Amino acid sequence: MRMFLALIQKQMKILLRSPSEILILLLMPIVLILILSFALGSLMDGNSELDMIEMAVVEHGDEKVDFSSFIKENQNQFQLDAKSLGKMEESLPAGLLMKILTSKEMKEILQVTKIDDAELEKAKNSGEYSVILEIPEGFTLDYLNALIFHKKEPTLNVHFNENEQVTSSVIKDLLDLFQQQYTIHTLLGQNNLLTEDMDLASGEITSTIHSVDSTEKITASVYYTFSMTVMFILYVAGTIASQSFIEKSMNIFDRIVLARIHPIIYLLSILVSTIIIALLQVAILFAFANLVFKISFVQWELYLMLTVMLAIVVGGIAALLTAINYRFNSANASNLFSTTLVAIFAFFGGSYFNISSLSPVFSKVGMMTPNGAALDAYFSISQNGTIQEIVPNMTILFTMAVLLMLLAFVLFPKRGGTV
1 MRMFLALIQK QMKILLRSPS EILILLLMPI VLILILSFAL GSLMDGNSEL
51 DMIEMAVVEH GDEKVDFSSF IKENQNQFQL DAKSLGKMEE SLPAGLLMKI
101 LTSKEMKEIL QVTKIDDAEL EKAKNSGEYS VILEIPEGFT LDYLNALIFH
151 KKEPTLNVHF NENEQVTSSV IKDLLDLFQQ QYTIHTLLGQ NNLLTEDMDL
201 ASGEITSTIH SVDSTEKITA SVYYTFSMTV MFILYVAGTI ASQSFIEKSM
251 NIFDRIVLAR IHPIIYLLSI LVSTIIIALL QVAILFAFAN LVFKISFVQW
301 ELYLMLTVML AIVVGGIAAL LTAINYRFNS ANASNLFSTT LVAIFAFFGG
351 SYFNISSLSP VFSKVGMMTP NGAALDAYFS ISQNGTIQEI VPNMTILFTM
401 AVLLMLLAFV LFPKRGGTV
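Residues 1 to 419 in full-length UniProt numbering are what the sequence shown spells out, letter by letter.
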């Protein structure tokens, strides 16, 4: 037992004497977490500010004049009391649309400027406005004729600035939504389906947020804290395996065998020391996240249980890489793992970005990687998930750990020297 602890202590000392490795395992993930959290924070957190949308409106006619003209021309066709006339005038499309565009809510993102007919061409060429809305002369009169007498429907002319596709798209979606809503109410009115409490669309826009559950939002800082942690914990395995092969090349392993220490004891020391180093790495990264980003680890028991299981998997990887290195007398396995396989695991495991946005297949593949399964479980816990929700992830990690350790013990040479 004393020799086993001495081997673990030796492995820890070797790592401490390698400042470059410590920089990779600790400093690099911290730097990346900081950079990615601040660089992509506003985008992922939904706090990115949209520039004020400049919109120009040109009215070639007068809605009130058109409405009065229509009523006078058709006063013998139908009789309406003052209340009905007032309600009808309030629901005219051009005026209602302007109420929406100039509402208090819309003023936060939309600046509406009315311009004269003479300024229209200049406004089109200046590029000053993201959108120019042109209301043709006689629009309201044509609309009422189309509504009552089923004549040809009028159209609004909308000019979008091609250089501002995002803001133009916002206005286009708003206009499409208004048209759909207004058309529905118009059809209901034509078929006498409107009741007293079913008014036509009003100029007020309201929104209600319904909370489905107590799920916490995954911010950029939370995402990259966990994603970089599960990525860089894999480097611990490659680092320890590479350092252990140096011991073989320096005949240290041969001397250990000559001291009548079973090779499996040495392999177990690699496994356990990797687990300890991985746990220390995660503890430091989580402490940093808590201090800098105020990330809370309320369900610390679940975090600890998951982290220990992930560390055991990493220990299994280190043991397997060590076994392969020793069996083939080459450090190619650990080098390939650190330079290539970790990057592949990171991609499919979602360390760089949410891989499920590309394809659900990629997401399923990612769950078969140790970092992907752990990352998904970390997110579940951060969103107030229960132990039942992370059982599938823990099962995947446990299975990986068992298989990796079995392979490592089978492949590891039972004597010194080359195989």
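Beta carbons are placed, not taken as given, at the ideal position from N, Cα and C, and that holds for glycine. Here the structure is a predicted model, which means the values were calculated and not measured.
The Cβ atoms of I135 and A94 lie closer than 7 Å to each other. By a beta-carbon distance limit of 8 Å, L234 contacts N371. Their separation comes to about 6 Å.
Look at K104 here: in three-state DSSP terms it is coil, with no helix or strand label. For I53, the beta-bridge partners assigned by DSSP are L110.
In this structure, V222 lies near S382, with their beta-carbon atoms less than 7 Å apart.
By the 16-neighbour rule on beta-carbons within 10 angstroms, I270 is buried. Annotated as distal: L23 and M228, with beta-carbon spacing of 7 Å or more. Less than 7 Å divides the Cβ of I240 from the Cβ of T274. Straight through space, the alpha carbons of F328 and K248 are spaced by roughly 12 Å. Given a length threshold of 3 residues, each whole run of the beta strand (DSSP E) inside the region 123-170 is given here in chain order: 131-135 and 157-160.
As summarised for the region 223-304, the continuous alpha helix (DSSP H) elements at least 4 residues long and confined to that stretch are 252-258 and 263-292, given in chain order.
With a beta-carbon spacing of about 6 Å, F226 and L375 fall inside the 8 Å limit used to define contacts. Contact check for E54 against Y129 passes: the beta carbons are separated by less than 7 Å.
A contact is defined here as three or more CB-CB pairs under 8 Å, and the region 396-416 fails this definition with respect to the region 330-344. With 16 or more other CB atoms across the displayed protein chains lying within 10 angstroms of its CB, P29 is buried. Around the beta carbon of V361, fewer than 16 other beta carbons sit within 10 angstroms, so the residue counts as exposed. In this structure, R260 is the residue among L404, F288 and R260 with its C-alpha nearest to the C-alpha of F4. Cβ atoms of M231 and G316 stay farther apart than 8 Å, at about 17 Å. Membership of N393 in the alpha helix (DSSP H) is indicated by the continuous run I387 to L411.
By the C-beta density criterion, M309 is buried, having at least 16 other C-beta atoms within 10 angstroms. Per DSSP, N329 is not a residue of any alpha helix (DSSP H), being assigned neither H nor E. With respect to G366, F353 sits apart: the two C-beta atoms are not nearer than 7 Å. For E73, the uninterrupted alpha helix (DSSP H) run begins and ends at E63 to E73, by DSSP. In this structure, the alpha-carbon of G138 lies about 26 Å from that of L110. S242 is the residue among S359, F297, S242 and V313 whose C-alpha sits nearest the C-alpha of Q11. According to DSSP, V58 shares a beta bridge with E134.
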